[in-house]
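One structure is given below, encoded as structure tokens.
In the working numbering, the protein residues as written are 1010 to 1437.
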């Protein structure tokens, strides 16, 4: 999170407009961070460039054929080229060309509602946070000294065509819900969120994979689309890297689909529930009251917070202070930045350290600086490169099995040596 600060951090979230108070956070990175998408994109771009990634813009995918390798026809703006690669990952948004050309099937439902939004200046309107009115929903929040972001859903307004609404359409919807006239406002940006709620039934088809909005489409309530896309990326990234490097255990890349499909299904259900709580009529008011009462219970609040992004049992490791085998004091997050996993020894047990031997190529070993009481914590934790807990417990034989399943054979084993040659080239 240091790369995207300063950013506002919230411990009060919402589920369909119902407040969720999460209380004290596990570490300095927990909670909800208000990071704009442009800033996040900038940080990710800088990181990719620092790692030597070639970013080519503006390129447009015209077609591809997937066999042993993927041959893609790409428009460059001044012509077209053919790119040959071992894998193709579609991160190209809700209108994904990769999903369309690859014939990825989707499940879910089509659009039945829409939410108009705009950044406006030149009018003075009161701030509103999830203001449910007889005619619909209105939201207004200051973005800076001059502009205001508004969102409106008018229940009796026609659905409208896909794409941005006109300023007139926005003004009519706002008046229908609030009774206020914003016809004189200067519109800086404007758009339409549709409530299509669908996601792919296959996140992987051979060498072609989908991530982000290319794989799931729904209302971006509570930043869920951005969160879900980030989880897709970090889940796929280390597994695909292992596959390309040639050391991935059998079936590792397939777990991208099995993990993210479950998360997508959970998120889709949570979005449907939140949409009805926000945009539904007065018939949903009793449900809002019941959920509001239940959400005062910490366990319920944390459950609903996790359901928003499908991370009900994600088990992300806290950012604990640790000491490495070399005596360096650092943190779990810092150790994971080089793409390796982590064997976290919570109590400095000799047996755990011995079990971690021979794993330094793909995993760090570290001991917690401030260990919890033995009665309240396992002996060790195995952490994947994406920060998710793969295992925690006392049975070290089981720990070894989990490590082999996620990280392959120990250092020095013939099967542990990366051997794959992967081709990426362009043809004019």
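Every residue gets a Cβ at the ideal spot worked out from N, C-alpha and C, and that includes glycine.
What you are looking at is a predicted structure, and each value in this text was computed from that prediction instead of being measured.
### Message
My assumption, with CB atoms under 8 Å, is that residue 1197 sits in contact with residue 1209. Please give the rounded CB distance.
### Response
In fact, because the Cβ distance is near 34 Å, the residues do not count as touching under 8 Å.
#### Entry: N-terminal and C-terminal residue of the alpha helix (DSSP H) that residue 1285 is part of
1263-1288
### Query
So residue 1058 is in the alpha helix (DSSP H); what residue range does that whole segment cover?
1046-1059
### Message
Between the alpha carbons of residue 1131 and residue 1214, how many angstroms are there, rounded?
### Response
50 Å
### Query
From this set, 1365, 1206, 1074, which residue's C-alpha is nearest residue 1280's C-alpha?
1206
### Range covered by the beta strand (DSSP E) that runs through residue 1418
Where residue 1418 is concerned, there is no enclosing beta strand (DSSP E), given that its DSSP letter is neither H nor E.
#### Entry: Which of helix, strand or coil DSSP assigns to residue 1100
coil
#### Entry: Residues near residue 1071 in its chain [Cβ-Cβ closer than 6 Å; skip 5 each side]
1082, 1084
### Task
With DSSP as the reference, label residue 1208 as helix, strand or coil.
strand
### Cβ-Cβ distance between residue 1134 and residue 1148 below 8 Å
no
### Query
In whole angstroms, what separates the C-alpha of residue 1229 from that of residue 1103?
12 Å
### Task
Measure the beta-carbon distance from residue 1331 to residue 1375 and round it to whole angstroms, keeping in mind my assumption that it falls under 8 Å.
4 Å
### Query
Comparing alpha-carbon positions, which option in 1044, 1179, 1234 lies nearest residue 1100?
1234
### Message
Would residue 1201 and residue 1173 be called neighbours here (beta carbons separated by less than 8 Å)?
### Response
yes
### Message
Looking at the secondary structure, which residues open and close the alpha helix (DSSP H) in which residue 1360 lies?
### Response
1359-1365
#### Entry: Nearest-angstrom Cβ-Cβ length linking residue 1157 and residue 1150, presumed shorter than 8 Å
7 Å
#### Entry: As assigned by DSSP and simplified to three states, the class of residue 1237
helix
### Query
Roughly how many whole angstroms lie between the Cα atoms of residue 1334 and residue 1355?
13 Å
#### Entry: In chain order, each beta strand (DSSP E) run of at least 3 residues that lies wholly inside the region 1105-1186
1115-1118, 1123-1130, 1137-1142, 1145-1151, 1157-1163
#### Entry: Same chain only: Cβ atoms within 8 Å of residue 1023, ignoring 5 sequence neighbours per side
1029, 1139, 1231
### Message
Between which two residues does the beta strand (DSSP E) holding residue 1350 run?
### Response
1350-1354
### Task
Please say whether residue 1168 and residue 1120 have beta carbons closer to each other than 8 Å?
yes
### Alpha-carbon to alpha-carbon, residue 1303 and residue 1290
21 Å
### Query
Does the distance from the C-beta atom of residue 1326 to that of residue 1378 stay below 8 Å?
no
### Message
Spatial neighbours of residue 1212 within its chain, please: C-beta separation below 7 Å, excluding the five flanking residues on both sides.
### Response
1218, 1219, 1224, 1265, 1266, 1269, 1270
#### Entry: residue 1054 to residue 1144 span [Cα, whole Å]
42 Å
### Query
Is it true that the CB of residue 1369 sits closer than 8 Å to the CB of residue 1420?
yes
### N- and C-terminal bounds of the alpha helix (DSSP H) containing residue 1296
1294-1303
### Query
Secondary structure at residue 1227, three-state DSSP: helix, strand or coil?
coil
### Message
Can you give me the C-alpha to C-alpha distance between residue 1199 and residue 1191, rounded to a whole angstrom?
### Response
14 Å
### Query
Just how far apart, CA to CA, sit residue 1060 and residue 1093?
21 Å
### Query
Between residue 1117 and residue 1277, which are expected to be in contact by the criterion C-beta below 8 Å, what is the C-beta distance as a whole number of angstroms?
6 Å
### Task
On a CA-only basis, which of 1073, 1046, 1087, 1049 is nearest residue 1066? Give me that one, please.
1087
### Task
Would you please state the rounded distance, in angstroms, between the beta carbons of residue 1251 and residue 1239? I believe it to be under 8 Å.
Not confirmed; about 19 Å, so no contact.
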